[in-house]
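Just so you know, our numbering puts the end of the sequence shown at 156, numbered straight through with nothing missing.
Every residue, glycine too, gets a C-beta built ideally from N, C-alpha and C.
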Amino acid sequence: MKYATTLLWITVALFLAFGLGFILVPAFFSQLITGASPSTSSGLADMRATYGGISLGLAIFWGWCARGRNTQHAGLLSSLLVLSAAAFGRLIGMIVDGTPNVFMFVLFAAEVLFAALVFAALKKIETK
């Protein structure tokens, strides 16, 4: 259980940082990660909501799940699905759109690694 809790808290920290970064300074984070930022106020507002708000909401949910013994499974399963879907979407983008920057490879590797670690934690919990 400690392994699962630790994984959830690491995921919380990463998504919290990502979410707050995109809520507070979306142009900076967009430039840092993609090399460009939205050129309209609506684009920035959507980035705050989509990248920032959704990431922040997930971090809060996973933090709640990490605190309870009966909620860890839901937290791990949902983080596995989110990380896997993000990695899948990023992979499709890298293949279809071509020439991704280094940050895209780093994020893809992190998503795949964490998805694998969470999957292992889920299997460990389910076999108990």
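- Of the residues Leu60, Leu84 and Val53, the one whose Cα lies closest to the Cα of serine 69 is Val53.
- A residue is called buried once 16 or more other Cβ atoms fall within 10 Å of its Cβ, and methionine 29, having fewer, is exposed.
- Proline 54 carries a helical assignment under DSSP once its states are collapsed to helix, strand and coil.
- For serine 106, the enclosing alpha helix (DSSP H) stretches over residues 100-125.
- Shortest Cα-Cα distance from phenylalanine 50 to any of Met75, Thr33 and Gln59 involves Met75.
- Residue Ile61 holds the alpha-carbon nearest to the alpha-carbon of phenylalanine 133 among Ile61, Ile38, Val110 and Phe56.
- Leucine 84 sits close to leucine 48, with the two beta carbons spaced by under 8 Å.
- Of the residues assessed, tyrosine 79 falls on the buried side of the cut-off, its CB having 16 or more other CB atoms within 10 angstroms.
- Where arginine 95 is concerned, the enclosing alpha helix (DSSP H) starts and stops at 82-95.
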